[in-house]
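S.K.:
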Ligand SMILES: Cc1cc2nc3c(=O)[nH]c(=O)nc-3n(C[C@H](O)[C@H](O)[C@H](O)COP(=O)(O)OP(=O)(O)OC[C@H]3O[C@@H](n4cnc5c(N)ncnc54)[C@H](O)[C@@H]3O)c2cc1C
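Protein chains in written order, with the numbering used here: chain W, 1 to 390; chain S, 391 to 906.
Structure representation (structure tokens):
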């Protein structure tokens, strides 16, 4: 019996994690189509933080899988995973209580390292920090970061090694959906036939969805990051620090170690606050206003970094779903299309769980992390489009 | 700290005791961030986090978290050490000494802090820990002095046969050394091997014990701070990290630890196209020989100190006594009386003489040994786990009446466990003393010069002590004793702390040059 032909649209972290998980089952003939080069979308523009400091058991479970997955790649495949630790700052006692609950939930999933630090402990960890308006932090010492470009390329190599085909400069241009459910895809590299198509097109997922006759709403949001040049090395590896308050509607400062004399910094938000950008034409460099905002935020949060200057900045896309959770699984109106989209500002750390989930759907198993009824269930987009129609 | 301590010290001033307690509490709180590697002068936080628990507390009190190096991290550390070789060996001996003197001074200033970390990780008593911190300083000093005193950094002018030539014999560094440290002296032995390698002109990748990562990290941090980037690198992790280091592109290995691991390392590294140097210092089954004329008070004191100090976890610990039958019972009673007085406690207790053993594996080894002793011999003191102490504590144990050649008298246990074997002549005592594969240290107690002479002539051991009340087989100190194990105890016939150690990190080059 010939293998099911799966074509994955999009050569980013989500596309290649999916391709790798599928290829490893040996049940599929897997091809990845990428319109430019591997990781040329969001996946190379990310800060690459991988962590588990979340508040719900679901959000933790999918990230714990991600952390273990990249840890495995670091031990066995030469991936550089810098385990610099991750701190989520708290502005009030209610947040600290939520952190305690998070720790309990993480323990249930075998993550025993995280703990709550009081202000003085955070100051001991990061002597340059000022926390006058913060009470403490949730600290995950095993969390880390990686380089999104290298990571995605490693996934691509591993997927190839497992038998997948990767076609670059091979944009999907159009699609014919036959009555038997199979697809004929027009690409810049010619026509290809598929039994199943996976939409993993990041900020382009909406367009690709339209081409496949499997619409999905993903808003590409432009987000920036910037290099902070230190005047002298810190002598320790700066943990990742996230000063965003979930649900506040305001972007929060984050920063992390990059190398001995550089940090990366940015502003994070999980709500879709801005209007959508065009992923083909958005401004890919940093803006002056952003640099000013970061300079101000750093001056108040890290006043001890004397003499630090801002280096070059860049912008990338958060592919946001309308409810800020990824959409993963069979398209509710078109079961030949699987969705692996909408990872927003978390797509690197969620890519392992997303790829695994798609592969479980396609092998006919109940997804172990994020199946039907879970926050990622793609069925929810049918309900929301139905409400929109009424 | 103005007091000078060594391993025979018996008391501390109240000030020093108080300072130690603060340092211990600080170290037990741990640093908040897991211990990081040092590569090319910068910190690196890659690799899964592993933990180490306080052996002197109920299970679960984590004192240290550290990153375990991935193969890639080891590879980068070795690459950094290799890249730094040329610049470091280009310096003169005196210039390298200058760098190391900076570390010596910083170690001296931070002795109490270092002792606190050692005690937190190993549970050793404050006297032992402060003694070790003192030794750290003296080790750097001893080797730096040796380099300063060696004529022209180990160069020898040779005879010349041809008036058109000059002939010189040099000792030159091998290149980059992997240094693998043990848990029992987690700071001093890392310094011992690293400082010697560095002063001989080698660069280093240090892997401290996974049972005392912060002690090794502290040493690495200070040494690295005072040399150019890449000259001293540190990678943390379990045995497989040491394995990866040994199999890497380093030019030699310095190892201190168990004989099993050490000799495997030697055999594996000798299997290549050529054998890289492996300077290995391994364990012992160190014996105290007691003749019929011995001062039994001195013997009992020296044996008890060497057998039970650091809970028997010194490479040079006394684990066997061979005694003349005429004084056997008397000696056993006197040792047992001392055992009864020994206080077993965590290092926060100022009266502690024995701390815990290092981990649950050591406790299990103890329980098995005690069972065997009960079955095949007689337990005269100890033999059980003490009541009311949490942590890996075991009683100092004295065993007699084992048949000659029993495994408890042959294999290293690394526990506070000493056997007494009874013989009928001094020659039999020497034969029994030599009947193990090990040959690190040995002591003799006798008032007969002929016996002492025979002992010195016949004993197969590198470090020997005569009538030494402060320690029958232990207490070696840099510049005073060498730690030169024979047979299975050492790979090179030359020991750390001694006058021939540095040379082991160098190889000879004979240069014949035209007179210009
Ligand atoms: C500044 C910044 C910081 C971030 N920090 C983090 C972080 O710390 N941690 C984290 O987890 N995430 C972070 N992210 C988010 C993360 O980068 C994204 O969520 C993730 O990269 C999305 O991956 P993807 O595979 O969905 O999209 P992409 O990487 O964009 O991949 C989609 C691919 O599809 C291709 N494509 C588009 N159209 C077509 C077509 N018609 N035919 C074929 N191919 C097509 C594109 O060329 C692109 O390569 C950050 C993002 C930004 C911008």
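Virtual Cβ for every residue (Gly too), placed ideally from N, Cα, C.
Model, not experiment: these values are computed from the prediction.
Closest to residue 659(S) by CA distance: which of 646(S), 640(S), 671(S), 677(S) is it?
M.R.: That would be 640(S), whose Cα lies nearest to the Cα of residue 659(S).
S.K.: With distances taken between CB atoms, is the gap from residue 264(W) to residue 225(W) smaller than 7 Å?
M.R.: yes
S.K.: Closer than 6 Å by C-beta to residue 34(W): which residues in its own chain qualify, once you throw out the five before and the five after it? Chain order, please.
M.R.: 11, 168
S.K.: Return the chain-ordered list of same chain residues with a C-beta closer than 6 Å to the C-beta of residue 735(S), the five sequence neighbours on each side being excluded.
M.R.: 742
S.K.: Does the CB of residue 236(W) have a neighbour CB from chain S at under 7 Å?
M.R.: yes
S.K.: With contact counted as at least three CB pairs below 8 Å, one residue from each stretch, are the region 569-580 of chain S and the region 642-650 of chain S in contact?
M.R.: yes
S.K.: Indicate whether residue 546(S) and residue 559(S) have their beta-carbon atoms separated by less than 7 Å.
M.R.: Yes.
S.K.: Just to check my reading of the structure: residue 341(W) and residue 330(W) have Cβ atoms closer than 8 Å, yes? What is that Cβ distance to the nearest angstrom?
M.R.: So it is not a contact: roughly 13 Å between Cβ atoms.
S.K.: From the DSSP output, in three-state form, read off residue 591(S) for me.
M.R.: coil
S.K.: Closer than 6 Å: is that where the CB of residue 11(W) sits relative to any heavy atom of ligand 1?
M.R.: yes
S.K.: Suppose you measure from the CA of residue 102(W) to the CA of residue 361(W); what does that come to, to the nearest Å?
M.R.: 29 Å
S.K.: Shorter than 6 Å, the distance from the beta carbon of residue 223(W) to the closest heavy atom of ligand 1, or not?
M.R.: yes
S.K.: Using 8 Å as the threshold, is the region 427-446 of chain S in touch with the region 465-484 of chain S, meaning 3 or more CB pairs across them?
M.R.: yes
S.K.: Expressed to the nearest angstrom, what Euclidean distance is found between the alpha-carbon atoms of residue 538(S) and residue 483(S)?
M.R.: 7 Å
S.K.: Give me the Cβ distance between residue 848(S) and residue 830(S), rounded to the nearest whole Å; I'm assuming they're in contact under 8 Å.
M.R.: Not confirmed; about 16 Å, so no contact.
S.K.: Does the distance from the CB of residue 624(S) to the CB of residue 610(S) come in under 7 Å?
M.R.: yes
S.K.: Verify the CB distance criterion: does residue 191(W) have a CB-CB separation below 7 Å to chain S?
M.R.: no
S.K.: Determine the chain W residues that contact residue 462(S) at a beta-carbon separation under 7 Å, and present them in chain order.
M.R.: 78, 80
S.K.: Name, please, each residue of chain W whose Cβ falls closer than 9 Å to the Cβ of residue 496(S).
M.R.: Here the premise fails: no neighbours, minimum Cβ distance about 14 Å.
S.K.: How many angstroms separate the CA atom of residue 3(W) from the CA atom of residue 747(S)?
M.R.: 59 Å
S.K.: Does the region 397-408 of chain S come close enough to the region 585-605 of chain S that 3 or more CB-CB pairs lie under 8 Å?
M.R.: By the C-beta criterion, the region 585-605 of chain S is judged not to be in contact with the region 397-408 of chain S, since fewer than 3 inter-stretch pairs fall below 8 Å.
S.K.: Assign residue 812(S) to one of three DSSP states: helix, strand, or coil.
M.R.: Correct three-state label for residue 812(S): strand.
S.K.: What ranges does the alpha helix (DSSP H) occupy inside the region 170-252 of chain W, keeping only unbroken runs of at least 4 residues that lie completely in it?
M.R.: 205-211
S.K.: Say whether the region 311-320 of chain W touches the region 34-50 of chain W, bearing in mind that this needs 3 or more beta-carbon pairs closer than 8 Å, one atom from each stretch.
M.R.: yes
S.K.: Answer yes or no: does any C-beta atom of chain S fall closer than 7 Å to that of residue 142(W)?
M.R.: Yes, because at least one Cβ of chain S sits closer than 7 Å to the Cβ of residue 142(W).
S.K.: Rounded C-beta distance between residue 89(W) and residue 241(W)? I'm assuming under 8 Å.
M.R.: The beta carbons of residue 89(W) and residue 241(W) sit about 7 Å from each other, so the pair counts as a contact at 8 Å.
S.K.: Kindly say whether residue 390(W), judged by its beta-carbon, lies nearer than 7 Å to any beta-carbon of chain S.
M.R.: Residue confidence for residue 390(W) is low, a pLDDT of 35 falling below 50, so the modelled location carries little weight; the figure read from the coordinates is stated next. Cβ-Cβ to chain S under 7 Å: no for residue 390(W).
S.K.: Let's test the definition: count the other Cβ atoms within 10 Å of the Cβ of residue 664(S) and tell me whether it reaches 16, buried, or not, exposed.
M.R.: exposed
S.K.: Applying the 10 Å Cβ sphere with the 16-neighbour rule, what's the burial state of residue 794(S)?
M.R.: exposed
S.K.: What would DSSP say about residue 93(W), mapped onto helix, strand or coil?
M.R.: helix
S.K.: I'd like the list of long-range same chain contacts for residue 392(S), defined as Cβ closer than 7 Å, with 5 residues on each side in sequence excluded.
M.R.: Caution applies to residue 392(S), whose pLDDT of 49 falls short of 50 and renders its modelled position unreliable; the value that the coordinates give is listed next. Contacts found: none.
S.K.: Which first and last residues belong to the beta strand (DSSP E) in which residue 151(W) is found?
M.R.: Not the beta strand (DSSP E): residue 151(W) falls in the alpha helix (DSSP H), residues 148-161.
S.K.: If you follow the beta strand (DSSP E) that residue 481(S) is in, where does it begin and where does it stop?
M.R.: Counting along the chain, residue 481(S) falls outside any beta strand (DSSP E), and DSSP gives it neither H nor E.
S.K.: I'd like to check one pair, residue 533(S) with residue 846(S): are the Cβ atoms closer than 7 Å?
M.R.: no
S.K.: Quick check: is the beta carbon of residue 429(S) nearer than 7 Å to any beta carbon in chain W?
M.R.: no
S.K.: Going by the CB atoms, is the gap between residue 131(W) and residue 119(W) shorter than 7 Å?
M.R.: yes
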